[in-house]
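Heads up, the thing below is written out as structure tokens.
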Amino acid sequence: MIMLLSGGIDSTVMLYHALDLGNKDILGLFIDYGQRNFTGEHHAVHNICKKLHVTYHHIQVPTAFSYSNSSCLAHGNELYPGTVEELLPEGKFNAFVPNRNMLLISIASGVAMAYGHSEVWCGFIKLRNADVFFDQSPLFIDGISKILSPQGITVKAPLNSLYKEDVIKLGVTYGVDFNDTWTCYSNEERSCRVCSACIARDKSFKVARGEL
5 MIMLLSGGID STVMLYHALD LGNKDILGLF IDYGQRNFTG EHHAVHNICK KLHVTYHHIQ
65 VPTAFSYSNS SCLAHGNELY PGTVEELLPE GKFNAFVPNR NMLLISIASG VAMAYGHSEV
125 WCGFIKLRNA DVFFDQSPLF IDGISKILSP QGITVKAPLN SLYKEDVIKL GVTYGVDFND
185 TWTCYSNEER SCRVCSACIA RDKSFKVARG EL
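Heads up, the numbering used here is the position in the sequence shown plus 4, with the first residue counted as 1.
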């Protein structure tokens, strides 16, 4: 299988999940699409794959979204602190990269066909703000899978029924060291703890521990 890896909680737990199911023929893909947090993500993917003895390829398409001003991109708008719910009414939430997942899956499916794989796995999870990130929805996954099926490719998101706190709980059962993962949207040496991704991460851990 081809597995899209970002170094975050979701794709990392998905990788552990695949290994727990006995999958051995796994090729990870880390794609540089010009994301602001490239260094943190790449470092996390490299270390996690090394720890788990999983091969990964680093594919570079850094100018693919040069037209977008998403704050997730290195050249994008300012990255504002706060939650998605706080920033949306103020017009300051701009972390969505249009058509990103379509492009990443298309690249992954091309790699799958080249290497004789039939499945592409994505670390999409269940979201409470699914309307913002619609390209992680079951409808999106089903649609792109239908497009690729004539070429013998199936797109799967095995964690799509789980909220992030549930993904964390699952990861705990696999012994995931979450310190290995990177969530922050910034490109600093340490997580900023104030961007929407960091806030959501911290809240999810608190919910998983029963503190909220």
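Beta carbons are placed, not taken as given, at the ideal position from N, Cα and C, and that holds for glycine. Note that the coordinates shown come from a computational prediction; the quantities given were computed from them, not determined experimentally.
Contacts around residue i, its chain only, beta-carbon distance under 7 angstroms, and the 5 residues preceding and following it disregarded
i: P85; result: V198, C199
i: P142; result: N164
i: K173; result: A212
i: C196; result: C188, S190, C202
i: V180; result: T16, V17, Y20
For residue i, the nearest candidate out of the options (CA to CA)
i: T158; options: I203, I30, V124; result: V124
i: E89; options: G214, A204, C126; result: A204
i: L31; options: D24, F42, L19, Q39; result: L19
i: L25; options: C196, Y178, Y189, E192; result: Y178
i: T87; options: L216, K207, G214; result: K207
i: V101; options: F144, Y71, G214, I145; result: Y71
i: L77; options: C188, E193, G214; result: C188
i: S149; options: D184, V115, M106; result: M106
i: R40; options: D29, K210, E82; result: E82
i: I35; options: N27, N183, L9; result: L9
Endpoints, the alpha helix (DSSP H) within which residue i is located
i: Y20; result: 13 to 24
i: V176; result: 168 to 178
i: H50; result: 42 to 56
i: Y60; result: Element bounds for Y60: not the alpha helix (DSSP H) but the beta strand (DSSP E), 59 to 64.
i: L91; result: 88 to 91
Same chain, Cβ closer than 6 angstroms to residue i, neighbours up to 5 away in sequence not counted
i: H61; result: L33
i: V65; result: Y37
i: C53; result: G32, Y60
i: A161; result: C126, F128, I145
i: G156; result: S122
i: A99; result: S75, C76
For residue i, the three-state DSSP class (helix, strand or coil)
i: V159; result: strand
i: F128; result: coil
i: M106; result: helix
i: L152; result: helix
i: A216; result: It is Leu, not Ala, that sits at residue 216 in the sequence shown. DSSP places L216 in coil when its eight states are reduced to three.
i: L77; result: strand
C-alpha distance - residue i paired with residue j, whole-angstrom precision
i: M5; j: V58; result: 12 angstroms
i: F69; j: S110; result: 15 angstroms
i: S113; j: G214; result: 39 angstroms
i: I63; j: A48; result: 15 angstroms
Beta-carbon contacts of residue i that lie in its chain and below 8 angstroms, excluding the five residues immediately before and after
i: D14; result: G127, F128, I129, L163, K168, V171
i: F138; result: F144
i: G80; result: R40, S72, N73, S74, N98
Closer than 6 angstroms: residue i CB and nearest the ligand ZN heavy atom
i: R132; result: Of the ligands one can find in the structure shown there are none, so the ligand ZN has no counterpart to examine.
Enclosing beta strand (DSSP E) for residue i [first to last residue]
i: G32; result: 31 to 36
i: L8; result: 6 to 8
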